[in-house]
Structure formats: structure tokens, C-alpha cells
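Here's the structure, in C-alpha cells; my notes come after.
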Amino acid sequence: DTGVSQDPRHKITKRGQNVTFRCDPISEHNRLYWYRQTLGQGPEFLTYFQNEAQLEKSRLLSDRFSAERPKGSFSTLEIQRTEQGDSAMYLCASSLFPVGGTSGRNEQFFGPGTRLTVL
Amino acid sequence: GESVGLHLPTLSVQEGDNSIINCAYSNSASDYFIWYKQESGKGPQFIIDIRSNMDKRQGQRVTVLLNKTVKHLSLQIAATQPGDSAVYFCAENRGSGYALNFGKGTSLLVTP
Numbered sequence: 134d135t136g137v138s139q140d141p142r143h144k145i146t147k148r149g150q151n152v153t154f155r156c157d158p159i160s161e162h163n164r165l166y167w168y169r170q171t172l173g174q175g176p177e178f179l180t181y182f183q184n185e186a187q188l189e190k191s192r193l194l195s196d197r198f199s200a201e202r203p204k205g206s207f208s209t210l211e212i213q214r215t216e217q218g219d220s221a222m223y224l225c226a227s228s229l230f231p232v233g234g235t236s237g238r239n240e241q242f243f244g245p246g247t248r249l250t251v252l
Numbered sequence: 077g078e079s080v081g082l083h084l085p086t087l088s089v090q091e092g093d094n095s096i097i098n099c100a101y102s103n104s105a106s107d108y109f110i111w112y113k114q115e116s117g118k119g120p121q122f123i124i125d126i127r128s129n130m131d132k133r134q135g136q137r138v139t140v141l142l143n144k145t146v147k148h149l150s151l152q153i154a155a156t157q158p159g160d161s162a163v164y165f166c167a168e169n170r171g172s173g174y175a176l177n178f179g180k181g182t183s184l185l186v187t188p
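Going line by line, the protein sequences match chains A and B. For what it's worth, the working numbering labels the leading residue of the first sequence as 134, then goes sequentially. For what it's worth, the working numbering labels the leading residue of the second sequence as 77, then goes sequentially.
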């Protein structure tokens, strides 16, 4: 499978515990995005990387959340001291951003997501 | 703040009929729009996109129409099939490479 992959697919944790999710983007894609999706809602942007640089964070990304993409390939999203309100689907997406210009397109390919349940 | 939203939360159609899913956006600066399909337990799947310099784009059985005057976007699915049953999201952004801003979604149910 050459698409975006995420691990684990499901995570159940107790309030106060730390969790870490991994995303492997499509191999030639230089941009990687994290979104959060709650039931019945569309995905909400959390943060994104171009290669290893984290270029933007949303206000949803509290100081308990941190994301890394150390080698510009896979990325991890860590949530510290989880709260029940963190229960959601965490989606990763990747895209190929043209170097030196723009095509005007932003086709993002999503992974299957990690469903987090905080008890 | 700026938002992307959908007119109808649910849509039920018979197999073989055409489906139209609508979306309104409020940000005049939006210049790129995408429709995604999301099946239960899966991530969103790209269907079709359109840039703001176009008003229509066609794919396989799908057409996206963009009306910038009234800030309205629609997805037309021809000859709807049971496999089209899913939640459909429109999304927009204001430039290549930026985060997408998603609407709430419309649930499409195709009945035999």
C-alpha cells in the first residue's frame, strides 16, 4: 500500500496518560498535515509540516500537544496528560507542494486515522 | 469567523438517480475547493477539486460547480450507486499548501 498510513488505528487510554501517534505519508510528499475529527464534524486543522519544518499550528493545538517530523518523512503527534475532550479521530494527510511555485492545487491525501478514546 | 457549511445534513436518493450536494462558504479569499468522501471508519477520500478561476470541473460521474458570486459550491453525482453512500465534505483554503477548512458534511444514503 503506497498511501498514507497511521498507527495505531485505535487507542484507548486513561485520563492523564500520554499517547503518541505515528503517520507515514506518501513517500514523495513533502507536506504533512494533522487534523482532528469529532463525531459528526468535519476534520479540524491542527498543524502542518513542510519537510521537517513545522510551519503552522492552530489554536486547537494546546501546549499538551506536540508534533514532530524529525527527518522530513514520518511524523508523530503526542498528547500529554490526556483529557476526555481529547477523544476524537486524529487524521494525517500529505501532499506534494511544488517547489519554486504553485499549481494552485492542494490535493491532500488522508490516512485512515487513529481513533483515540480517553476514559 | 469564516466558515464553510453545508445546506443539508442528510440526503437520501434512489439508486440510479443523480445526487446534488451543496455547500456554502463565506470567505471571499478562498481560491481552492475540494470535495471529499468519507466512509465509516475511514479517512476522507479525495473526489474532485476546483480552483476559483473555474466554474465547472468534471470527473468520472462527478461534477463540481462553483458560483463565486453567491459563494456556493455543489457536487453532482451521476447515476448514484450504493457504493456512493458516505458522508461528503466540502473544504476550502486560501492558497496552495495551506490547511483545509472543512464543512460539517452531508450524509448521502443510496437506497435500492
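All C-beta atoms, glycine included, are put in the ideal place defined by N, C-alpha and C. Small disclaimer: the values here were computed from a predicted structure and weren't measured.
Leaving out five residues before and five after His-83 (chain B) in sequence, what residues of the same chain have Cβ atoms less than 7 Å from its Cβ?
Translated into positions along the second sequence, residue 83 (chain B) becomes position 7. Low confidence applies here, because His-83 (chain B) scores a pLDDT of 49, under 50, leaving its location unreliable; read the following figure in that light. Here the set comprises Asn-98, Ala-100.
For Asp-219 (chain A), name the three-state secondary structure that DSSP assigns.
Here the question's residue 219 (chain A) lines up with position 86 in the first sequence. Note: Asp-219 (chain A) maps to helix in three-state DSSP.
Spatial neighbours of Gln-114 (chain B) within its chain, please: CB distance less than 8 Å, with the 5 preceding and 5 following residues excluded, ordered by chain position.
Indexing the second sequence from 1 puts residue 114 (chain B) at position 38. Around Gln-114 (chain B): Pro-120, Gln-121, Ala-162, Val-163, Tyr-164, Phe-165, Gly-181.
Shorter than 8 Å from the beta carbon of Gly-159 (chain B) to some beta carbon of chain A?
To locate residue 159 (chain B), count along the second sequence from 1; it is residue 83. For Gly-159 (chain B), the answer is no, since every Cβ of chain A falls outside 8 Å of its Cβ.
Rounded to whole angstroms, what's the CA-CA distance from Phe-242 (chain A) to Pro-188 (chain B)? Just pull it up for me.
Mapped onto the first sequence, residue 242 (chain A) falls at position 109. Mapped onto the second sequence, residue 188 (chain B) falls at position 112. Their Cα atoms are separated by approximately 31 Å.
Could you name the residues of the same chain whose beta carbon sits closer than 8 Å to that of Arg-169 (chain A), not counting the 5 residues immediately before and after it, in chain order?
Position 36 of the first sequence, counting from 1, holds the residue named residue 169 (chain A). If we look at Arg-169 (chain A) and ignore the five residues flanking it on each side, its Cβ neighbours are Pro-176, Glu-177, Leu-179, Leu-193, Ala-221, Met-222, Tyr-223, Leu-224.
Using the Cα positions of Lys-144 (chain B) and Asp-131 (chain B), report the straight-line distance between them to the nearest angstrom.
The count along the second sequence starts at 1 and reaches residue 144 (chain B) at position 68. The count along the second sequence starts at 1 and reaches residue 131 (chain B) at position 55. Going from the Cα of Lys-144 (chain B) to the Cα of Asp-131 (chain B) covers about 8 Å.
Hey, how far is the Cα of Thr-171 (chain A) from the Cα of Leu-252 (chain A)?
Here residue 171 (chain A) is taken as the residue at index 38 of the first sequence, counted from 1. Here residue 252 (chain A) is taken as the residue at index 119 of the first sequence, counted from 1. Taking the straight line joining both Cα atoms gives about 16 Å.
For Glu-161 (chain A), write down the residues that DSSP places opposite it in a beta bridge.
Here residue 161 (chain A) corresponds to residue number 28 of the first sequence, with the count starting at 1. Answer is none; Glu-161 (chain A) lacks a bridge partner.
Give me the chain A residues within the contact set of Leu-142 (chain B), using Cβ-Cβ distance strictly less than 8 Å, ordered along the chain.
Here residue 142 (chain B) is taken as the residue at index 66 of the second sequence, counted from 1. Under the 8 Å cutoff, chain A gives no residues; its nearest Cβ is about 13 Å from Leu-142 (chain B).
So, Tyr-112 (chain B) versus Asn-169 (chain B), is the Cβ gap smaller than 8 Å?
Your numbering for residue 112 (chain B) matches position 36 in the second sequence. Your numbering for residue 169 (chain B) matches position 93 in the second sequence. No, Cβ-Cβ distance for Tyr-112 (chain B) and Asn-169 (chain B) is not below 8 Å.
So what does DSSP say about Gly-77 (chain B), is it helix, strand or coil?
To locate residue 77 (chain B), count along the second sequence from 1; it is residue 1. The pLDDT assigned to Gly-77 (chain B) is 37, lower than 50, so where the model puts this residue is not dependable, and the model offers no usable value.
At least one CB of chain A closer than 8 Å to the CB of Phe-178 (chain B): is that the case?
The residue you call residue 178 (chain B) lines up with position 102 of the second sequence. Yes, its Cβ sits closer than 8 Å to a Cβ of chain A.
Answer with buried or exposed for Thr-247 (chain A), where buried requires no fewer than 16 other C-beta atoms within 10 angstroms of its C-beta.
Here residue 247 (chain A) refers to the residue found at position 114 when the first sequence is read from its first residue. By the neighbour-count rule (16 or more Cβ atoms within 10 Å), Thr-247 (chain A) is buried.
Can you confirm whether Gly-119 (chain B), when its beta carbon is compared against all beta carbons of chain A, has any partner nearer than 8 Å?
If you number the second sequence from 1, residue 119 (chain B) lands on position 43. Judged by the 8 Å Cβ criterion, Gly-119 (chain B) is in contact with chain A.
May I have the straight-line CA-CA distance separating Trp-167 (chain A) from Thr-153 (chain A), to the nearest angstrom?
If you number the first sequence from 1, residue 167 (chain A) lands on position 34. If you number the first sequence from 1, residue 153 (chain A) lands on position 20. Taking the straight line from one Cα to the other gives about 13 Å.
Which residues in the same chain as Glu-161 (chain A) place their Cβ atom closer than 7 Å to its Cβ, once the five residues preceding and following it in sequence are excluded?
What you label residue 161 (chain A) is simply residue 28 of the first sequence in a count that begins at 1. Once the five neighbours on either side are set aside, the close Cβ partners of Glu-161 (chain A) are Leu-229.
For Asn-184 (chain A), does the count of other Cβ atoms within 10 angstroms reach 16, so buried, or fall short, so exposed?
The sequence position of residue 184 (chain A) within the first sequence is 51, counting from 1. It is exposed - the Cβ of Asn-184 (chain A) has fewer than 16 other Cβ atoms within 10 Å.
Helix, strand or coil: which one does DSSP assign to Asp-140 (chain A)?
Reading the first sequence from its first residue, position 7 is the one you call residue 140 (chain A). If DSSP states are grouped into helix, strand and coil, Asp-140 (chain A) belongs with the strands.
Residues in the region 92-107 of chain B with C-beta within 9 Å of chain A's C-beta atoms, listed in sequence order?
Those residues of the region 92-107 of chain B that come within reach of chain A (Cβ to Cβ, closer than 9 Å) are Asp-107.
Quick one: measure Cβ to Cβ for Thr-86 (chain B) and Ser-183 (chain B), integer angstroms, because I've assumed they're closer than 8 Å.
Locating residue 86 (chain B) in the second sequence gives position 10, where the first residue counts as 1. Locating residue 183 (chain B) in the second sequence gives position 107, where the first residue counts as 1. Confirmed, about 5 Å.
By Cβ distance below 6 Å, which residues in the same chain neighbour Leu-142 (chain B) in space, the five residues on each side in sequence not counted?
Working through the second sequence from its first residue, we reach residue 142 (chain B) at position 66. Correct list, in chain order: Ile-126, Asp-131, Leu-149.
Ala-175 (chain B) versus chain A: which residues are under 7 Å apart at the beta carbon?
Counting from one through the second sequence, the residue named residue 175 (chain B) turns up at place 99. Result: Tyr-166, Phe-178, Tyr-181, Glu-189.
DSSP puts Glu-211 (chain A) in a beta bridge; with which residues?
The residue labelled residue 211 (chain A) in the question sits at position 78 within the first sequence. The partner list for Glu-211 (chain A) (beta bridge, DSSP) reads A:Thr-153, A:Ser-199.
Give the residues of chain B in contact with Leu-210 (chain A), contact being defined as C-beta atoms less than 8 Å apart.
Here residue 210 (chain A) corresponds to residue number 77 of the first sequence, with the count starting at 1. What Leu-210 (chain A) touches in chain B: nothing, since even the nearest Cβ is about 15 Å away.
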